[in-house]
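Read through the structure below, which is laid out as C-alpha cells, and then see the notes.
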Amino acid sequence: MNPAGFWIRGAFPILIGWLFFASAHAKITVFADGRIFLPVIVPADALPSEREAAEEFGRVLGSMFGVRWPVRAPINVGECGFYLGGLASSASPDGKLIVAKDFFHRKGNEVGPDAFRIRSSHGSIFIDAATLDGIGFAVDWFLQHEGGVRWYAPGAMGEVIPYRANWTLPELNMVREPAYISREITGLNSTEEKLWARRNGLRSRVEFTHALAAVFPRSVLEEHPEWSPLIEGKRHGPVSDGDQNWQPNLALPGVADHAAEVACAAFQCDPSRLSFSLGINDTVRFDQSESTRALVEPVHYFRGMPDYSPLVFTFMNRAAGEMSSHWPNRYLGCLAYFWCENPPPFRVHPNVLPFITTDRSQYFDEKYRAGDLALMSRWGASGVHAFGLWEYAYGRGFVVPRLYCRALAESIRAGWHYGARGYLAEVEPNWGFDAFKVWMLAQLMWEPDRRIEDLENDFYSGYYGAAARPMRRFFELCEESWMSQRGTPRWLKYYGQEDQALLFPVETCGKLRRFLEAAATATETPEETIRVKETARAFDVTESYVRFDGLRRALGNSRPDTLPSSDALADSVSKFVRLRENVYQKMKTASLGEMPAMVASALAGVMRNDPIPRLLWLAGYRNPSEPGRILTVAGISKNESRWWSMVAVSESQNSPMIRNGLENSALLPAKDKLKEPRFLYPKFGVLPLKWQVQAMPTENGQMEIVDNFADTLKKAVHIGGAYDTQLFQWYPVEPGRTYFAEAQLRGNSSPGNDAALFLTFVDGAGKSVGAGEMQSLPKGVTNDWRTMVLADQAPLGAKWVGVGVGASGQDSDDWLETSSIELRMISAGSR
272 MNPAGFWIRG
282 AFPILIGWLF
292 FASAHAKITV
302 FADGRIFLPV
312 IVPADALPSE
322 REAAEEFGRV
332 LGSMFGVRWP
342 VRAPINVGEC
352 GFYLGGLASS
362 ASPDGKLIVA
372 KDFFHRKGNE
382 VGPDAFRIRS
392 SHGSIFIDAA
402 TLDGIGFAVD
412 WFLQHEGGVR
422 WYAPGAMGEV
432 IPYRANWTLP
442 ELNMVREPAY
452 ISREITGLNS
462 TEEKLWARRN
472 GLRSRVEFTH
482 ALAAVFPRSV
492 LEEHPEWSPL
502 IEGKRHGPVS
512 DGDQNWQPNL
522 ALPGVADHAA
532 EVACAAFQCD
542 PSRLSFSLGI
552 NDTVRFDQSE
562 STRALVEPVH
572 YFRGMPDYSP
582 LVFTFMNRAA
592 GEMSSHWPNR
602 YLGCLAYFWC
612 ENPPPFRVHP
622 NVLPFITTDR
632 SQYFDEKYRA
642 GDLALMSRWG
652 ASGVHAFGLW
662 EYAYGRGFVV
672 PRLYCRALAE
682 SIRAGWHYGA
692 RGYLAEVEPN
702 WGFDAFKVWM
712 LAQLMWEPDR
722 RIEDLENDFY
732 SGYYGAAARP
742 MRRFFELCEE
752 SWMSQRGTPR
762 WLKYYGQEDQ
772 ALLFPVETCG
782 KLRRFLEAAA
792 TATETPEETI
802 RVKETARAFD
812 VTESYVRFDG
822 LRRALGNSRP
832 DTLPSSDALA
842 DSVSKFVRLR
852 ENVYQKMKTA
862 SLGEMPAMVA
872 SALAGVMRND
882 PIPRLLWLAG
892 YRNPSEPGRI
902 LTVAGISKNE
912 SRWWSMVAVS
922 ESQNSPMIRN
932 GLENSALLPA
942 KDKLKEPRFL
952 YPKFGVLPLK
962 WQVQAMPTEN
972 GQMEIVDNFA
982 DTLKKAVHIG
992 GAYDTQLFQW
1002 YPVEPGRTYF
1012 AEAQLRGNSS
1022 PGNDAALFLT
1032 FVDGAGKSVG
1042 AGEMQSLPKG
1052 VTNDWRTMVL
1062 ADQAPLGAKW
1072 VGVGVGASGQ
1082 DSDDWLETSS
1092 IELRMISAGS
1102 R
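Position 134 (the sequence shown) corresponds to 405 in my numbering; numbering is contiguous.
What follows is the structure, encoded as C-alpha cells:
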C-alpha cells in the first residue's frame, strides 16, 4: 500500500489540520483590566520538561502584558488557569493520548510522539502531550498560533512578542502534531540556535546517517577479513575505528546478518528506540569482487553516477528482514545517497527507512525538478512504510545569497504527500541571508501545505516591520538571481567554488544595495535596525567578493602580447591585494557577534584561484628583474611567499628539473593503469605511466592521451565528463626550498567548473600544510595553449609536494587538456 495513501485517508486532519470545535459566543479571559485570570499551573512535583515549558510560558506571557506572570502549583480545587502536563492529562475526559507503537504504520486513534492536545473547560485551558518532549512543543505552538508570538531567528534579535492590553480566547478543543515525525536543521550549534530550534518545533526522531564504520569496527573485521572490500585486488579496511573511507562488502549475506544483530542489540538495550542507522559510509570505495559486480553489472547510471542501489538495498532488505522478525515495529534508517539515490528494481522492505539526498537548489532546471519529484513518487511506491528527505540548504560554503525558498516549499510539500515522514536540511546558516529560509522550513515541517506567500507576509512584516517592503524586494531579487541561472544542474553546484560570484554581477549588487539603503532609512525601532544591519553585514561580504572576483578574472585573462607596463602591473597587484583584504575584513566583521551574519569558512574555497604568479611569470619572461620591481612598487610583504617565489623563478631559469612533461614514451592502457573496476571507466584510454590518476567514475567520464595537433611530436592528456578527475605526482621536498610548477593547459570551462593547475604541500601523515594553491583557466573556450604557473616555499613540516592538473564539475561541453606538467626546485642561492 502506498504509505501516502494511508496518511491522506486516515490521518490527514490530525497531521496538518486541527480538530477545532468552538462555540461562537464562549470566551475565556486570560488578561483584562490589569488582572491575570489564568496563572500557569504545574504539579508540585513537575518533571523537568513540564517545569521548563511552564517557565517559558510564564516568561512570554509576562513580557506580552508587562507583568510578572505566576507559575505555580495548584492551590484550590477547580481554580482557573493554564494547566500543563500531568494535571491536564488527568483532567481530560478522553484520557491520555495513545502513542503509536509503530510511528509510520498506525492504528485507530494512535498519535505520533510529538502530538499534543489543547482544550478548554470551565474557564481553564488544559495542555498535555503524548510524550515528555511534546509539552514544550505544545506551549510554544500555542504561543505562536494563539498569541502571535514569533521566533524568527535565534536570540533576542529574532523574538517577537506582541504587547496586549487584554486577551480573550475562544473555547478550544484540538489535537495537533507535526506532519514530519523527524525534523532537523543542521548547523544550529550555539545555545541560542538550539533554543530557537526547540521553540520552532524541531526534533530528530530517527537515525539514518553514515554509520557502517561504527557497525563494522576493526575488531569485527579482524574476525571476518572477508567482509572487508576487495579493491584493486587487495583487502581494504578502515585505517582506524571511525574511518569512513571504505564500505564493507555489502553483497555478502553474513555482512547483513551482522548489521541486523547490532541493530537488534541496540533495540534490546533501549526498547524506546525507533530506528537504527545502517547508512553507508561517506565514500564510494565499494567492494569490487565478483559478488558485488554480480549485483551492479551491467552498470546503469542515475544523475550521471553509477547506480549501486541494487547492491545497497539488497543489503538493507536482508538486514531488515532479519531485524523485523524480532522487532517488527522498528526501522533501519539509511541514505539514498550519491550512488544509491534511485530506488532499486525490486521491492524494498517496509522496515527500511531511506533518506533521499538531493540538492533542490537545482530546481532552476525544469527537467531536474520534474525528475526529483518523480524520484519521490517512486520511493513512495517502493514498498517502504515511509522515507525521508535530505536537503542541502547551505548557508555554509557560499558568500552569496543562496535562496530558493519556493523550490524548498514545493519539495517539502510534495515529499509529504508522497510518503516522506522525516526531513533534514543541512544548512549551517548565513543568518544575514537565511533567516526566512530556515524559519520557513521549520514551519513547513509541521504544516507542509501552508502557502509560502502567507509565510512571507508573516515573516517580512513581523521581522522587519516598517522596512518590510524594501527587505522583501531585496530577498526576492536574491532568489530570482539564483533561480534564473543557466547551465547544467549539478549536486552542490558552486559550493565553495569561485563562480558563484557570476550569479550576482555588479549591476545586480547595485540594485540590492539600494534596497538595503532604503530599508535602513525606513526602520522605526532598534530591533528593525539591527535586523536590517544583519543582512547588510552579510551583503558587504558578497559585494566585496564580487568586486574582487571581477579584478581576479580580468587579471587571469591577461595575454603575453598585451601585457601592461611594469608600473601598471604593480598598480593591478596593489589593487588586487586591497580588494582581497577587504573581502577578509568584511567576512571578519560579518562572522563576529552572538549571531554571525556569515559563516567564515566559506572563503577557503572561493579565494584559492590566484592569477598573480602567472602575471609575474609573464613579466619575468619579458625582463627577469620585473617581478621583484612590481612587488616592491606594489608594497607587497615578504609574507606573500608564493608571489616572491616568482622572483626567484625569474632569476633562475636553469634550475634543476624534477619532472618534465608527461613521459610520452611510457604509456599504459587504462585497464592496466586503473586496474579494477575497469567497468566503471569505459571511456578511459591510454594514460601516462608514472603519473597517478584519481577519478570519480561518471557516466560520461573520459581521460586519455590524444594527439597534440599543435606539435606532432607531442601528446596531450584529455579530460572530459569529470565530476572530480586529477592527474598528479608526489615528490619529496626540502622545507624552505622554492618549488615551481608549470603546465600547458587549454580547454572549455563553464561556470561551476574548475580546470586548473595545483601545487600542494603535505606532511608525513598526508595532512595539508601551507596554502594549497590553484590557478584556473578562464571561463569559456581557451583553444591556444596557456602557460599556467605556481610557486611557493615548502613550509616547515612539509615532506611532499603534489603537482598536477584537475577538472571538477564539468558540463557536457567542457574539456581540459594538458600537454606538459613540469616541476622545478629553485637553486638555493637564487633569492
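Positions of the beta carbon are idealized from the N, C-alpha and C atoms, including for glycine.
Start and end residues, alpha helix (DSSP H) containing residue i
i, result
"Cys-605", "No alpha helix (DSSP H) holds Cys-605; the beta strand (DSSP E) holding it covers 602 to 607."
"His-529", "524 to 540"
"Gly-1073", "Careful: Gly-1073 lies outside any alpha helix (DSSP H), inside the beta strand (DSSP E) at 1071 to 1079."
"Glu-805", "797 to 827"
"Trp-914", "912 to 922"
"Ala-966", "No alpha helix (DSSP H) holds Ala-966; the beta strand (DSSP E) holding it covers 963 to 966."
"Leu-492", "489 to 494"
"Phe-547", "That residue, Phe-547, is in no alpha helix (DSSP H); its beta strand (DSSP E) goes 546 to 548."
"Ser-562", "561 to 567"
Residue from the options with nearest C-alpha to residue i
i, options, result
"Gly-429", "Ser-1091, Glu-865 and Ile-976", "Glu-865"
"Gly-419", "Ala-427, Val-431, Val-410 and Gly-426", "Val-431"
"Phe-353", "Asp-373, Lys-372 and Leu-440", "Leu-440"
"Pro-616", "Ser-653, Asp-643 and Ser-596", "Ser-653"
"Gln-714", "Ser-836, Leu-318 and Trp-422", "Trp-422"
"Phe-387", "Ala-409, Arg-377, Asp-978 and Cys-540", "Ala-409"
"Ser-548", "Trp-498, Ile-389 and Val-623", "Val-623"
"Phe-745", "Thr-759, Thr-779 and Asp-720", "Thr-779"
"Ala-791", "Leu-603, Ser-511, Val-870 and Arg-740", "Arg-740"
"Trp-914", "Val-698, Phe-847, Ala-427 and Gln-973", "Phe-847"
"Arg-390", "Ile-299, Leu-545 and Lys-1038", "Ile-299"
"Gly-659", "Gly-992, Glu-612 and Ile-307", "Glu-612"
"Phe-704", "Gly-992, Ala-534, Leu-787 and Ser-595", "Leu-787"
"Arg-743", "Arg-802, Arg-721 and Gly-690", "Arg-802"
"Gly-686", "Glu-699, Pro-700, Glu-662 and Trp-702", "Glu-662"
"Phe-1032", "Ser-1021, Glu-1044 and Asp-1025", "Glu-1044"
"Pro-519", "Val-555, Gln-539, Pro-542 and Glu-532", "Val-555"
"Ala-691", "Met-647, Arg-722, Val-671 and Phe-730", "Met-647"
"Ile-551", "Asp-528, Gly-357, Val-486 and Arg-601", "Val-486"
"Tyr-994", "Ile-406, Pro-500, Ser-334 and Trp-610", "Trp-610"
"Gly-1037", "Leu-1016, Val-1004, Glu-1013 and Trp-1071", "Trp-1071"
"Asp-842", "Phe-810, Ile-907, Ala-303 and Trp-517", "Ile-907"
Supposed close pair residue i, residue j - CB separation, criterion 8 angstroms
i, j, result
"Ala-424", "Ala-680", "No, Ala-424 and Ala-680 are not in contact; Cβ-Cβ is about 19 angstroms, not under 8 angstroms."
"Glu-750", "Leu-674", "4 angstroms"
"Arg-761", "Gly-1023", "7 angstroms"
"Leu-840", "Leu-886", "6 angstroms"
"Ser-546", "Leu-603", "7 angstroms"
"Val-957", "Leu-998", "Not quite, the Cβ-Cβ distance comes to about 13 angstroms (not below 8 angstroms), so this is no contact."
"Ala-1106", "Ser-862", "The question about residue 1106 has no answer, for the chain in this structure spans 272 to 1102."
Delimiting residues of the beta strand (DSSP E) encompassing residue i
i, result
"Leu-624", "623 to 629"
"Phe-353", "353 to 355"
"Arg-1017", "1009 to 1020"
"Gly-1051", "1051 to 1064"
"Trp-1086", "1086 to 1096"
"Thr-480", "Run containing Thr-480: none; DSSP gives neither H nor E here."
"Val-988", "986 to 991"
"Leu-998", "995 to 1003"
"Ala-793", "Premise fails: Ala-793 lies in the alpha helix (DSSP H), 777 to 793, not in any beta strand (DSSP E)."
Closer than 7 angstroms to chain B by CB, residue i
i, result
"Ile-346", "Protein chains in the displayed structure number just one, and chain B is not present."
- Item | Contained alpha helix (DSSP H) runs [length at least 4] in the region 650 to 725, N- to C-terminal order | Whole alpha helix (DSSP H) segments, 4+ residues: 676 to 689 and 702 to 717.
- Query: Where are the alpha helix (DSSP H) runs, 4 residues long or more, that stay fully inside the region 862 to 906, in chain order?
  - Reply: Annotation note: the region 862 to 906 contains the following uninterrupted alpha helix (DSSP H) runs of length 4 or greater, listed N- to C-terminal: 874 to 877, 883 to 893 and 897 to 904.
- Task: Report the residue ranges of all beta strand (DSSP E) runs contained in full by the region 389 to 421; include only those spanning at least 3 residues, in chain order.
- Result: You should have 395 to 400.
- Query: If you scan the region 418 to 468 from start to end, which runs of the beta strand (DSSP E) of 3 or more residues do you find wholly inside it?
  - Reply: As for any beta strand (DSSP E) of minimum length 3 sitting wholly inside the region 418 to 468, the runs are 438 to 441, 444 to 447 and 453 to 457, ordered along the chain.
- When the Cβ atoms of the region 694 to 712 are set against those of the region 657 to 673, are three or more pairs found closer than 8 angstroms? The region 694 to 712 makes contact with the region 657 to 673: 3 or more CB pairs, one atom from each, lie closer than 8 angstroms.
- Query: Would you call the region 454 to 473 and the region 889 to 905 touching, i.e. three or more CB-CB distances under 8 angstroms?
  - Reply: With the rule of 3 Cβ pairs closer than 8 angstroms, the region 454 to 473 does not count as touching the region 889 to 905.
- Counting only runs of 3+ residues fully inside the region 298 to 365, write out the beta strand (DSSP E) ranges in chain order. Counting only unbroken stretches of 3 or more residues, the beta strand (DSSP E) elements lying wholly within the region 298 to 365 are 298 to 303 and 353 to 355, in sequence order.
- Message: Closer than 8 angstroms is the cut-off here; do at least three beta carbon pairs connect the region 442 to 450 with the region 339 to 351?
- Response: As far as the Cβ criterion goes, the region 442 to 450 does not touch the region 339 to 351, which means the pair count is below three.
- Message: Contact between the region 766 to 778 and the region 579 to 586 is defined here as three or more beta-carbon pairs at a separation below 8 angstroms; is this criterion met?
- Response: For the pair of segments examined, the region 766 to 778 was found not to touch the region 579 to 586: the number of CB pairs separated by less than 8 angstroms stays below three.
- Message: I want to know whether the region 959 to 973 touches the region 989 to 1008 - three or more CB-CB distances under 8 angstroms.
- Response: Cβ pair count under 8 angstroms is three or more, so yes.
- Item | At least three beta-carbon pairs within less than 8 angstroms, the region 1005 to 1020 to the region 907 to 922 | Here the region 1005 to 1020 makes contact with the region 907 to 922; the two share three or more CB pairs at distances below 8 angstroms.
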